[in-house]
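To start, the structure under review is shown below, and the notes come after it.
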Amino acid sequence: MKGIKVEQVNGEYQVTNDLEKPTPGPNQLLVKPIFGAVNPVDELMRNSGILITGWPWTPCCDVAGVVVEIGSEVTEFKVGDRVFGCQGVGFPGSGGAAEYCLFKEDITLHKPDQISFAEAATIGVGCQTAALGLWSGLNIALPDPQNLPAISDEWVLVLGGGGSVGGYAVQLSKLSGYKVIASVSARSVKAAVAQGADETVDYKTPIDEQVAKIKEITKGKLHRIIDTTASNADFTKKVLEEIKDDAGEKYFASVNDWQDFGPLPGGAKFYPISLGPLGRPEAKQLDEILAKYIDVLQVLIDTGKVKPGEYNLVGEIGFESFTEAVKVQSGGSAKKVVVQFQEE
Numbered sequence: 000m001k002g003i004k005v006e007q008v009n010g011e012y013q014v015t016n017d018l019e020k021p022t023p024g025p026n027q028l029l030v031k032p033i034f035g036a037v038n039p040v041d042e043l044m045r046n047s048g049i050l051i052t053g054w055p056w057t058p059c060c061d062v063a064g065v066v067v068e069i070g071s072e073v074t075e076f077k078v079g080d081r082v083f084g085c086q087g088v089g090f091p092g093s094g095g096a097a098e099y100c101l102f103k104e105d106i107t108l109h110k111p112d113q114i115s116f117a118e119a120a121t122i123g124v125g126c127q128t129a130a131l132g133l134w135s136g137l138n139i140a141l142p143d144p145q146n147l148p149a150i151s152d153e154w155v156l157v158l159g160g161g162g163s164v165g166g167y168a169v170q171l172s173k174l175s176g177y178k179v180i181a182s183v184s185a186r187s188v189k190a191a192v193a194q195g196a197d198e199t200v201d202y203k204t205p206i207d208e209q210v211a212k213i214k215e216i217t218k219g220k221l222h223r224i225i226d227t228t229a230s231n232a233d234f235t236k237k238v239l240e241e242i243k244d245d246a247g248e249k250y251f252a253s254v255n256d257w258q259d260f261g262p263l264p265g266g267a268k269f270y271p272i273s274l275g276p277l278g279r280p281e282a283k284q285l286d287e288i289l290a291k292y293i294d295v296l297q298v299l300i301d302t303g304k305v306k307p308g309e310y311n312l313v314g315e316i317g318f319e320s321f322t323e324a325v326k327v328q329s330g331g332s333a334k335k336v337v338v339q340f341q342e343e
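Numbering of the sequence shown is given in numbering that gives the first Met the number 0, commencing with residue 0 and proceeding in unit increments.
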């Protein structure tokens, strides 16, 4: 089948016709990707080989497409269903930059009619990562999507609130009953507020000013911090140092799942957000947790309470546009970068 392959670490993205078409297992769906979104993990994997189980490797883990075949035990989906989500990375059949890829039934989302394929392709990685960070990492109760909690006086600090994961972290924090401070650049303030942020902090201002503003806004009562950029460990420690004497458990979740943070001020509990193993046999517990979150996210997306972010559609229709899209994403695009692989 046609798609993108990389043959070795630091290899080039190549358009090819010799990819092996995957076969769905009992609880899997074979999906025809229509749109895919580029994520930083694509380049990280290409450049390092991390999470890749064998070569050649096919990239793209944010996919929206159409079910063309279902496994023998699948009950929640049928051929022709429009679906989306992140299914994992680096193992055979997981790459979405191909004519067909595999989805797991229990971590697959139905695409509602009110959002496009392109919009759906922007949701998976960002929303699922944010859900793990908040509901697993920050000890925030999983909300009832039919009876959302009222907004309390408790705060969540979202570092990187202008990005994809950060934007969904803002939305899900508000839907879970929390006020939100988003750390963003000046150009992202409007977007963060549109996502639901109550306050913003410009991360380009002096650190001491940022910490003082955060302390003033929260009156020192801040128990939950999520870093969606993997680059805020030292900043988080400064914030926690300032609020360490406030009573109550404190939590810090970060997409930086490789660094040893050591003891944190105030005894804050650290949670590494590790979406990478998703979909692998050894990640059964992670899949089970995500499946519960998917059920909630599905309702929130269906009812328009979780909204897709803005995106930048790059290139012409076809796998050939993927390399161009990677360059746009790597250049610092403020919007999710999306490619249309095929016609529906």
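Every residue, glycine too, gets a C-beta built ideally from N, C-alpha and C.
Ranked by how close their Cα comes to the Cα of PRO21, the residues GLN341, SER163, THR57 and PRO91 have PRO91 in first place. Judged by DSSP secondary structure, ILE225 falls outside any alpha helix (DSSP H) and instead within the beta strand (DSSP E) spanning 221-226.
Judged by beta-carbon spacing, GLY165 lies beyond the 8 angstroms limit of TYR270, meaning their Cβ atoms are not closer than that value. Under the criterion of beta carbons closer than 8 angstroms, PRO148 and SER175 qualify as touching, at roughly 7 angstroms. With a contact defined as Cβ atoms closer than 8 angstroms, GLN86 and ILE106 qualify at about 7 angstroms. Per the Cβ contact rule, the region 110-126 is not in contact with the region 199-213 (fewer than 3 Cβ pairs under 8 angstroms). Distance between SER184 and GLY161, taken at the CA atoms: about 7 angstroms.
Unbroken beta strand (DSSP E) stretches of 3 residues or longer found wholly inside the region 30-71: 61-69, given in chain order.
Looking at the DSSP output, ALA252 sits in a beta bridge with ILE225 and TYR270. Boundaries of the beta strand (DSSP E) harbouring ALA181: 178-183, taken from the DSSP string. Contact check for ALA120 against PHE34 passes: the beta carbons are separated by less than 8 angstroms. By the Cβ-count criterion, LYS291 is exposed, with fewer than 16 other Cβ atoms from all chains shown falling within 10 Å of its own Cβ. With distances taken between CA atoms, PRO264 lies nearest to GLU248 out of GLU248, ASP256, ASN255 and GLN7. With a contact defined as Cβ atoms closer than 8 angstroms, LEU296 and ALA117 miss out at about 19 angstroms.
DSSP, read as helix, strand or coil, puts VAL200 in strand. Its chain contains TYR250 as the residues whose beta carbon lies nearer than 6 angstroms to that of ASN138, once the 5 sequence neighbours on both sides are disregarded; these appear in chain order. 8 angstroms or more divides the Cβ of ALA267 from the Cβ of PRO276. In terms of Cβ geometry, ASP80 and VAL325 do not form a close pair [threshold 8 angstroms].
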